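For the sequence shown, position 355 (counting from the first letter as 1) is numbered 355 according to UniProt numbering, and the numbering increases by one without interruption.
Taking it in order: structure first as structure tokens, then the write-up.
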Amino acid sequence: MTNPDDASMLNRKQMGGINAVKGFNAQLAYLCIKLLYWSVDPDFTHAMNEGADDINLLFERSGRRERHYLQLKDHHVGRTEFAEVVRHFKTMHAADTSIVKFFLVARTFHDDVKAVERALERIRGAQAIHAGTKTEEDTVAHLDGLLTDLKLPDTAQWALQHLEIEDSVHIRAWPDSIQTLLNEFIGQTQSFKVFENALRPALVRAFDAIQAFVTDHLGQAFSRDDVFAVIRRAVDEFSQNTQREGLGVFLDVWGDPDARAREAHDAIVDWRTYFDRATRTVPPVETWTDVLQPELDDIQRRFRTLGTNRHVTIRGNAPLSVGLAVGAAFSAVKSYQLTIIQRDTAWASNDAPSAAILESPLGLEVLDEGGTGLCVELSALRDVHRKVETFKAETGMRFAARLVLKQTDPPIDVWTAADAIALMNSARRAIRAAHDAHDFSEIHLFFSVPLGAAILLGHGLNSTGIVQAYEEQLDGGYAPSCRLDLR
């Protein structure tokens, strides 16, 4: 039977991290973040994950080796477990005094353990003032009482010198709040001068690369230089891919649960505070004009300054008016080429169109309503005509003319990029012809199309004046949404 106190790296107890992966994801999350903080210390030389212990750190301070040992718990640590871990720490320290710091890191702790943590912080924080005084003596005695109550007598002085207790937000954040971890990883990485200009999506890939590296090096020591090399490779590969494949935009408007998919983009259109899918709430036109449209313009200008090719990949979930506005921001007249991820299928703006799929059965209808704008009814998924008529009656809106564009028979069940391009081309030509012939003051767009088609329509629609788009509401009516100046 193996001696449980045997320090051999082949001891079954010491091999626990390699043989069992329970809690491993939380440990990876913690380690990936903390590696960057440890790397700030110029004396930090190596780390080792699992294998011999949970995490071992090595520092070289003035020619002297100094080890830190961390044990991670992806669960709540109670009184009994805390006492067992501390006894194990003390035994390890007695056997190897080069281990000068012992860290117990957990998701949460029992209140009595939290009391010990607070006492340690209090005594250490006041040591410069109260060292050698009765205040310090009494406070240490209080700490000793807390530890004795946990069945750890005669431990206070050892704990003050060697024990760290960490109630870790990084472990708690895994896996439900990975975006929080990504944000911290990115911010900390960019704090290093060598990575200060690295793009966010490149560092998201670096976060994944660090996890893969640590996983592949279980039980093996690795250095700060190894960590930086992994990050550098991820950043360089991203730069090469970006030059070849272009940049990415993620539309986080209706919300998306996949934080990694969201973060691995060069720009995130995060408008969740302005839109609500459940209620179909959209912001007023003024918000579009004063806030949202300038945000899109800033993204487009930033992309142009990066000097990469003008190829943009767009994915996410959003209402049609957002798709229209994003497509217009990266328009064809600005020499952008788009790839849209529509239900896991890539639609490219330069794909060849299918046969014409739109018809205008009545052509351009002049209306005797006293209005000055053109009403465009674009029905590809559902016929919007009846709802538009109801909306006009309820709001008193009047138009100078109406252009009805409907999908030809038979209706399309599964849309392709070619269909979307054909739709966009037909709608664009019809709208522009109507505008050129009559110079309407505004174009009012009511549409029911796939999101990818809305993006492509905005991408190709230009020289048509002011375009006011409308979003369908839960009550069957419409609300004005984005307002585009396409003059």
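The beta carbon of each residue, even a glycine, is placed where N, CA and C say it ideally should be.
Values in this document were obtained by computation on a predicted structure and should not be read as measured data.
Can you find the residues in the same chain that come closer than 7 Å, C-beta to C-beta, to residue i, ignoring five residues on each side of it along the sequence?
i	result
Gly323	Leu451, Ala454, Ile455, Gly458
Ala318	Leu251, Val253, Trp254, Leu451
Pro353	Ala418, Ile421, Ala422, Asn425
His142	Ala119
Could you tell me the alpha carbon to alpha carbon distance between residue i and residue j, rounded to whole angstroms?
i	j	result
Asp144	Gln127	17 Å
Leu120	Glu166	11 Å
Thr273	Asp475	21 Å
residue 534	Asp297	Since the displayed the chain opens at 1 and closes at 487, residue 534 lies outside it and no answer follows.
His68	Ala26	19 Å
Arg61	Asp43	6 Å
Leu388	Leu292	Reading off the sequence shown, one finds Val at residue 388, where the question assumed Leu. Going from the Cα of Val388 to the Cα of Leu292 covers about 26 Å.
Gly16	Val140	Note that Gly16 has pLDDT 35, beneath the 50 cutoff, so the model's placement of it is unreliable and no number is given.
Lys13	Phe82	Caution is warranted here: a pLDDT of 38 is assigned to Lys13, below 50, making its placement in the model unreliable, and no coordinate value can be reported.
Gly371	Ile443	12 Å
Arg343	Thr313	14 Å
Leu31	Phe185	11 Å
Gly465	Arg315	27 Å
Glu164	Val86	10 Å
Lys101	Ala221	18 Å
Gly51	Phe213	Here the model assigns Gly51 a pLDDT of 49, short of 50, so the residue's position is not dependable and the matter cannot be decided.
Phe238	Trp288	32 Å
Glu295	Asp208	29 Å
Arg301	Ile210	32 Å
Arg487	Phe399	20 Å
In terms of residues, what are the limits of the alpha helix (DSSP H) holding residue i?
i	result
Val333	Here Val333 belongs to no alpha helix (DSSP H), and DSSP marks it neither H nor E.
His385	385-395
Lys114	111-130
Asp54	Neither: Asp54 is in no alpha helix (DSSP H) and is coded neither H nor E.
Leu423	417-438
residue 490	For residue 490 there is no data in the structure shown, the boundaries of the chain being 1 and 487.
Please determine whether the Cβ atom of residue i lies at a distance below 7 Å from any heavy atom of the ligand FAD.
i	result
Leu218	Among the ligands in the structure shown, none appear at all, so the ligand FAD cannot be discussed.
I'd like the list of long-range same chain contacts for residue i, defined as Cβ closer than 8 Å, with 5 residues on each side in sequence excluded.
i	result
Thr390	Gly476, Gly477
Asp41	Phe59
Going by DSSP in three states, residue i sits in which element: helix, strand or coil?
i	result
Pro294	helix
Pro480	strand
Val105	strand
Gly246	coil
Asn462	coil
His162	helix
Val467	strand
Leu474	coil
Asp208	helix
Leu72	strand
Thr133	coil
Ser448	strand
Ser223	strand
For residue i, collect the residues of the same chain with a Cβ closer than 6 Å to its Cβ; drop the 5 residues on either side in sequence, then sort them by chain order.
i	result
Asp53	Caution is warranted here: a pLDDT of 48 is assigned to Asp53, below 50, making its placement in the model unreliable, and the coordinate value is therefore given only provisionally. Answer for Asp53: Tyr69, listed in chain order.
Ala106	Lys73, Val77
residue 492	Past the edges of the chain, shown from 1 to 487, lies residue 492, and the structure says nothing about it.
Ala469	Ser321, Leu324, Leu445, Ser481, Cys482
Arg79	His110, Asp112, Leu150
Val116	Leu146
Trp38	Phe44
Looking at the secondary structure, which residues open and close the beta strand (DSSP E) in which residue i lies?
i	result
Asn317	311-317
Lys151	Counting along the chain, Lys151 falls outside any beta strand (DSSP E), and DSSP gives it neither H nor E.
Ala348	345-348
Gln407	401-407
Val376	374-379
Glu365	364-366
Using a Cβ distance threshold of 8 Å, determine whether the stretch 415-422 contacts the stretch 341-355, with at least three qualifying pairs required. Pairwise C-beta distances place the stretch 415-422 in contact with the stretch 341-355, as three or more of them are shorter than 8 Å.
Spell out a yes or no on whether the stretch 249-256 and the stretch 219-238 are touching, meaning 3 or more CB-CB pairs, one atom from each, closer than 8 Å. No, the stretch 249-256 is not in contact with the stretch 219-238.
Q. Any contact of the stretch 374-381 with the stretch 405-416, i.e. 3+ C-beta pairs under 8 Å?
A. At 8 Å Cβ cutoff, the stretches touch.
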